[in-house]
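Terminal number for the sequence shown in the working numbering: 139, no gaps in between. Just so it is clear, CB atoms sit at the ideal spot from N, CA and C, and this is done for glycine as well. As the structure is a prediction and not an experimental result, all values here were calculated from the model. These notes are about the structure you will find just below.
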Amino acid sequence: MKKNVRKALAISGLAIAIGASGLTLTASADTNSKNQRFERHQNPFKISRATKKVDSSEKTKWHRRAIPGFVSSISNDSITIKKGNKEFIVKISNETRILDRTWKTINLSEIKTGHKIRVFGTLSGTTVTAQTIRDISIK
1 MKKNVRKALA ISGLAIAIGA SGLTLTASAD TNSKNQRFER HQNPFKISRA
51 TKKVDSSEKT KWHRRAIPGF VSSISNDSIT IKKGNKEFIV KISNETRILD
101 RTWKTINLSE IKTGHKIRVF GTLSGTTVTA QTIRDISIK
């Protein structure tokens, strides 16, 4: 069956392109060659990738992420957390959800210094605009 398909493809002059991998298969109808099989050609346009150098100004772009850390200080509109050697300032708004370990809503006053929290929000440098703050220490 494979032999017939190869010959049919070769006679019709068709080539098969496979997916996004950039491989193109061509068939040869040459009956004199001992190795009658598909030849693989990689498309050089799909292999090359655009590489971009990252300068120091691009590191301050906004990124969404979850940041775990320990509470070092608390105020009405922000929390300072420490993760390793870094300190992050977490900005709290009226839309910020504050949850406990079991994902139940709690008040900001229940979070204490030394509690382990996880902040979900938008990071810019060392400032996080929090969408959700989850206190892992409260059960």
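Extent of the continuous beta strand (DSSP E) to which residue i belongs
i, result
"Lys139", "Counting along the chain, Lys139 falls outside any beta strand (DSSP E), and DSSP gives it neither H nor E."
"Leu108", "Looking at the DSSP string, Leu108 is not in any beta strand (DSSP E), and its letter there is neither H nor E."
"Gly121", "Lys116 to Ser124"
"Phe78", "Here residue 78 turns out to be Ser, not Phe, going by the sequence shown. Unbroken beta strand (DSSP E) run through Ser78: Ser78 to Lys83."
"Ile89", "Lys86 to Lys91"
"Arg97", "Arg97 to Leu99"
Exposure label - residue i; buried when at least 16 CB within 10 Å
i, result
"Ala140", "Missing from the structure shown is residue 140; the chain here goes from 1 to 139 and no further."
"Asp135", "buried"
"Gly69", "buried"
"Gly121", "buried"
"Asn43", "Per-residue confidence for Asn43 stands at a pLDDT of 43, beneath the threshold of 50, marking its modelled position as unreliable; no derived number is given."
Own chain, CB closer than 8 Å to residue i, minus 5 neighbours either side, in chain order
i, result
"Thr105", "Arg97, Ile98 and Leu99"
"Thr113", "Val71, Ser72, Ser73 and Ile74"
"Asn94", "none"
"Glu87", "Ser72, Thr80, Ile81 and Thr126"
Distance, residue j Cα to residue i Cα
i, j, result
"Ile79", "Arg118", "12 Å"
"Ser73", "Ile133", "15 Å"
"Ile111", "Ser124", "23 Å"
"Gly84", "Ile67", "11 Å"
"Thr102", "Ile138", "9 Å"
"Lys116", "Ser109", "15 Å"
"Asn107", "Asn76", "11 Å"
Contacts around residue i, its chain only, beta-carbon distance under 6 Å, and the 5 residues preceding and following it disregarded
i, result
"Ile89", "Ser78, Thr80 and Thr127"
"Arg65", "Leu123"
"Lys91", "Ser78 and Thr129"
Sequence-distant residues of its chain with Cβ nearer than 7 Å to residue i (five each side left out)
i, result
"Asn4", "none"
9 Å Cβ cutoff, residue i in contact with chain B
i, result
"Gln131", "The chain inventory of the structure shown lacks chain B, comprising one protein chain alone."
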